[in-house]
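Enquirer: I'd like to ask you about the structure that follows.
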Amino acid sequence: MAQTVLSEMGFDAWVALASADPEAFETRRKQLIDQVIQKASRPEQRHRLRCLQWRIDMERRRARTPMAACLRIYRMMWDSVLGEHGMVETFQNPPPARKPRGSAQVISLHSGRTRPCRTS
40 MAQTVLSEMG
50 FDAWVALASA
60 DPEAFETRRK
70 QLIDQVIQKA
80 SRPEQRHRLR
90 CLQWRIDMER
100 RRARTPMAAC
110 LRIYRMMWDS
120 VLGEHGMVET
130 FQNPPPARKP
140 RGSAQVISLH
150 SGRTRPCRTS
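For what it's worth, our numbering labels the leading residue of the sequence shown as 40, then goes sequentially.
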(Lines of atoms letter the chains of each structure in order from A; the text may use other names.)
(Lines give C-alpha, C1' and ligand atoms only; values in the text may rest on other atoms or scores of the structure.)
Protein backbone atom coordinates (compact mmCIF):
# COMPACT_ATOMS: atom_id res chain seq x y z
CA MET A 40 0.00 0.00 0.00
CA ALA A 41 1.33 3.44 -0.92
CA GLN A 42 2.34 5.72 1.90
CA THR A 43 -0.21 8.49 2.30
CA VAL A 44 0.30 12.08 3.34
CA LEU A 45 -1.24 11.22 6.70
CA SER A 46 1.27 8.50 7.46
CA GLU A 47 4.40 10.53 6.66
CA MET A 48 4.63 11.54 10.31
CA GLY A 49 3.60 9.25 13.11
CA PHE A 50 1.71 10.34 16.21
CA ASP A 51 4.87 10.56 18.31
CA ALA A 52 6.52 12.81 15.72
CA TRP A 53 3.49 15.13 15.79
CA VAL A 54 3.60 15.25 19.60
CA ALA A 55 7.32 16.03 19.54
CA LEU A 56 6.85 18.77 16.93
CA ALA A 57 3.97 20.34 18.89
CA SER A 58 6.09 20.38 22.06
CA ALA A 59 9.29 21.63 20.46
CA ASP A 60 7.91 24.12 17.93
CA PRO A 61 4.17 24.93 18.14
CA GLU A 62 4.35 27.32 15.18
CA ALA A 63 5.93 24.68 12.94
CA PHE A 64 3.30 22.22 14.14
CA GLU A 65 0.47 24.59 13.15
CA THR A 66 2.09 25.32 9.79
CA ARG A 67 2.50 21.62 9.02
CA ARG A 68 -1.03 20.85 10.26
CA LYS A 69 -2.52 23.47 7.93
CA GLN A 70 -0.43 22.23 5.00
CA LEU A 71 -1.59 18.68 5.58
CA ILE A 72 -5.23 19.73 5.78
CA ASP A 73 -4.89 21.72 2.55
CA GLN A 74 -3.30 18.73 0.82
CA VAL A 75 -6.16 16.47 1.86
CA ILE A 76 -8.77 19.01 0.71
CA GLN A 77 -7.01 19.38 -2.66
CA LYS A 78 -7.32 15.62 -3.20
CA ALA A 79 -11.11 15.87 -3.30
CA SER A 80 -12.23 14.99 -6.80
CA ARG A 81 -14.85 17.67 -7.40
CA PRO A 82 -14.75 21.45 -6.84
CA GLU A 83 -17.99 21.26 -4.82
CA GLN A 84 -16.40 18.74 -2.47
CA ARG A 85 -13.33 20.94 -2.02
CA HIS A 86 -15.55 23.92 -1.27
CA ARG A 87 -17.57 21.98 1.32
CA LEU A 88 -14.39 20.67 2.94
CA ARG A 89 -12.95 24.20 3.14
CA CYS A 90 -16.17 25.41 4.76
CA LEU A 91 -16.08 22.54 7.24
CA GLN A 92 -12.44 23.23 8.07
CA TRP A 93 -13.28 26.90 8.61
CA ARG A 94 -16.01 25.88 11.08
CA ILE A 95 -13.58 23.58 12.89
CA ASP A 96 -10.96 26.34 13.06
CA MET A 97 -13.54 28.76 14.49
CA GLU A 98 -14.55 26.25 17.17
CA ARG A 99 -10.89 25.78 18.07
CA ARG A 100 -10.45 29.56 18.41
CA ARG A 101 -13.54 29.95 20.57
CA ALA A 102 -12.46 27.24 22.98
CA ARG A 103 -10.42 28.21 26.03
CA THR A 104 -8.41 24.98 26.14
CA PRO A 105 -7.42 22.24 23.69
CA MET A 106 -9.75 19.82 25.51
CA ALA A 107 -12.63 22.28 25.20
CA ALA A 108 -11.86 22.56 21.47
CA CYS A 109 -11.90 18.78 21.17
CA LEU A 110 -15.28 18.61 22.92
CA ARG A 111 -16.72 21.37 20.70
CA ILE A 112 -15.62 19.56 17.55
CA TYR A 113 -16.91 16.26 18.93
CA ARG A 114 -20.31 17.88 19.59
CA MET A 115 -20.28 19.38 16.10
CA MET A 116 -19.69 15.92 14.63
CA TRP A 117 -22.55 14.35 16.56
CA ASP A 118 -24.87 17.23 15.63
CA SER A 119 -24.15 16.49 11.97
CA VAL A 120 -25.13 12.87 12.57
CA LEU A 121 -28.06 13.15 15.00
CA GLY A 122 -29.15 16.78 14.73
CA GLU A 123 -31.75 18.47 12.60
CA HIS A 124 -31.08 17.75 8.91
CA GLY A 125 -28.35 15.36 10.05
CA MET A 126 -27.32 12.07 8.55
CA VAL A 127 -29.81 9.96 10.54
CA GLU A 128 -32.75 12.19 9.60
CA THR A 129 -31.65 12.18 5.97
CA PHE A 130 -31.51 8.37 5.92
CA GLN A 131 -34.90 8.06 7.64
CA ASN A 132 -36.57 10.65 5.38
CA PRO A 133 -34.69 10.68 2.10
CA PRO A 134 -35.46 13.50 -0.30
CA PRO A 135 -37.69 12.53 -3.23
CA ALA A 136 -35.83 11.09 -6.19
CA ARG A 137 -35.29 13.48 -9.04
CA LYS A 138 -37.15 12.80 -12.24
CA PRO A 139 -34.87 12.43 -15.23
CA ARG A 140 -34.89 15.40 -17.52
CA GLY A 141 -36.74 15.01 -20.77
CA SER A 142 -34.92 15.30 -24.03
CA ALA A 143 -35.29 18.29 -26.27
CA GLN A 144 -34.76 18.90 -29.94
CA VAL A 145 -32.04 21.41 -30.70
CA ILE A 146 -32.83 23.68 -33.61
CA SER A 147 -30.38 25.77 -35.54
CA LEU A 148 -30.84 29.52 -35.41
CA HIS A 149 -28.73 29.98 -38.53
CA SER A 150 -30.06 29.45 -42.04
CA GLY A 151 -27.19 27.21 -42.99
CA ARG A 152 -25.27 30.02 -44.63
CA THR A 153 -22.13 31.12 -42.97
CA ARG A 154 -21.04 34.71 -42.93
CA PRO A 155 -17.37 35.43 -43.26
CA CYS A 156 -15.75 36.88 -40.18
CA ARG A 157 -14.58 40.42 -40.49
CA THR A 158 -10.94 40.87 -39.68
CA SER A 159 -10.93 44.64 -39.50
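Backbone N, C-alpha and C define an ideal beta-carbon position, used for all residues, glycine too.
Give me the Cα-Cα distance between TRP53 and THR66, rounded to the nearest whole angstrom.
Expert: Numbered from its first residue, the sequence shown carries residue 53 at position 14. Numbered from its first residue, the sequence shown carries residue 66 at position 27. Those two C-alpha atoms are separated by around 12 Å.
Enquirer: Report the three-state DSSP secondary structure of PRO105 (helix, strand or coil).
Expert: In the sequence shown, residue 105 corresponds to position 66, counting from 1. Helix.
Enquirer: Quick one, are the C-beta atoms of ARG111 and GLU98 less than 8 Å apart?
Expert: As a first step, residue 111 must be located in the sequence shown, where it is residue number 72. As a first step, residue 98 must be located in the sequence shown, where it is residue number 59. Against a cut-off of 8 Å, the Cβ pair of GLU98 and ARG111 comes out as a contact.
Enquirer: State the DSSP-derived secondary structure class of PRO61, mapped to helix, strand or coil.
Expert: By one-based count along the sequence shown, residue 61 stands at place 22. Of the three classes helix, strand and coil, the one that applies to PRO61 here is helix, per DSSP.
Enquirer: Grab me the residues of GLN27's own chain with a C-beta within less than 8 Å of its C-beta, minus the 5 sequence neighbours each way, in chain order.
Expert: Residue 27 lies beyond the range of the chain shown here (40 to 159); nothing can be said about it.
Enquirer: Determine the extent of the alpha helix (DSSP H) in which GLU128 is found, giving its start and end residues.
Expert: Taking the sequence shown and counting its residues from 1, the one referred to as residue 128 is at position 89. GLU128 -> alpha helix (DSSP H) spans 126-131.
Enquirer: Cα separation between VAL145 and LYS78?
Expert: Mapped onto the sequence shown, residue 145 falls at position 106. Mapped onto the sequence shown, residue 78 falls at position 39. About 37 Å.
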